[in-house]
Amino acid sequence: MRGVILYGPPASGKDTVTAELQRLDSRYQQFRRLKVGSGRTTGYRMTTDADLAALRAAGDVVWENRRYGSVYVVDAHGLRRQLHDGIPVVHLGQVEAVDAVRNAFPHARWTVVALTCPRDVAKRRLTQRQTGDTAERLRVWDETEPLALADLTIDTSKVPADVAAELVSKNVQRREAVEI
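Note that the working numbering has the sequence shown beginning at 4, numbered continuously upward.
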């Protein structure tokens with residue numbers, strides 16, 4: 004079992020690099036976190052407060068955070084299934100979340116990639132999205148801590164998404180060859 008964690012602030016390129024990974028190899032699939040709340044639904048599995056409470060009670064929540072008036076969850080069942088079916092690409096923005104995912108699945112071979120870009124580039128990307136929440140997302144960008152221990156760090160303002168995806172995939176393959 005292996006997986007990829009793409010870590011970074013808003014507009015660092017997580018969606019774009021994931022799309023390029025999927026073009027390279029269909030086994031790469033974005034892990035769609037659970038979401039309770041309004042706003043964007045693409046890339047999420049929408050759920051309810053009641054269902055989330057049941058997951059918490061069952062101990063099935065690996066990581067949970069609140070942003071933009073919503074709750075986002077990495078659930079053990081969903082991630083376990085995806086680890087068995089392919090190579091999940093998990094998008095995270097909190098250092099503690101990276102540790103939580105790795106600790107929940109210690110036998111999986113995780114490739115952790117820190118995606119970065121300058122703030123002005125993030126602001127331009129966020130403005131181009133026209134979602135109306137640029138200021139809030141920039142605040143989150145400012146709050147996102149650097150990831151000290153990543154297998155790979157990519158500045159997406161300097162490295163095109165297709166090249167970034169190739170670097171990630173090569174890193175996954177190299178880890179696979181070393182650990183077999």
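C-beta atoms are modelled at their ideal positions from N, C-alpha and C, and glycine is treated no differently.
Helix, strand or coil for A61 per DSSP? If DSSP states are grouped into helix, strand and coil, A61 belongs with coil.
Once the 5 residues before and after R140 are set aside, which same chain residues still bring their CB inside 6 Å of it? So the qualifying residues of the chain are P13 and L129.
Span of the alpha helix (DSSP H), counted from its first residue to its last, around Q25: K17 to L27 is the extent of the alpha helix (DSSP H) around Q25.
Can the beta-carbon of D88 be found less than 7 Å from the beta-carbon of V115? A distance of 7 Å or more separates the beta carbons of D88 and V115.
Supposed contact pair T21 and K38 - C-beta distance, whole angstroms, cut 8 Å: In fact, because the Cβ distance is near 17 Å, the residues do not count as touching under 8 Å.
Distance, A125 Cα to R33 Cα: Strictly speaking, residue 33 in this sequence is Gln, with Arg absent from that position. Near 21 Å, if we compare the C-alpha coordinates of A125 and Q33.
DSSP-derived helix/strand/coil call for K38: In the structure shown, K38 sits in a strand (DSSP, three-state: E or B).
Note down, in chain order, each residue of its chain lying with its Cβ closer than 6 Å to the Cβ of W66, except the 5 sequence neighbours on either side. Excluding residues within five positions, the ones whose Cβ falls inside 6 Å are V77, A100 and A103.
Do T119 and D63 have their C-beta atoms closer together than 7 Å? Not in contact: T119 and D63 (Cβ atoms no closer than 7 Å).
Where does Q131 land, buried or exposed, given buried means 16+ other C-beta within 10 angstroms? Per the 10 Å Cβ criterion, exposed.
If I measure Cβ to Cβ from T147 and keep anything under 6 Å in the same chain, skipping five residues before and after, which residues do I get? Cβ within range, chain order: P12 and G96.
Report, in whole angstroms, the separation of the C-beta atoms of Y47 and V92, which I expect to be a contact under 8 Å. About 14 Å; that fails the 8 Å criterion.
Assuming R35 and V175 are in contact, meaning their beta carbons sit under 8 Å apart, how far apart are those beta carbons, in whole angstroms? With 8 Å as the limit, R35 and V175 do not qualify as a contact, their Cβ atoms being about 20 Å apart.
For R5, does the three-state DSSP call read helix, strand or coil? DSSP places R5 in strand when its eight states are reduced to three.
Proximity of L170 and H94 at Cβ, strictly below 7 Å: Against a cut-off of 7 Å, the Cβ pair of H94 and L170 comes out as no contact.
Could you tell me the boundaries of the beta strand (DSSP E) in which V74 lies? For V74, the enclosing beta strand (DSSP E) stretches over residues S73 to D78.
Which same chain residues, not among the five before or five after A168, have their C-beta less than 6 Å away from its C-beta? V20, E23, L24 and L27, listed in sequence order.
Check this for me: beta carbons of T156 and A117, under 7 Å apart or not? The answer is yes: Cβ separation under 7 Å.
Boundaries (first-last residue) of the beta strand (DSSP E) holding V93: Under the DSSP assignment, V93 falls in the beta strand (DSSP E) whose first and last residues are I90 to L95.
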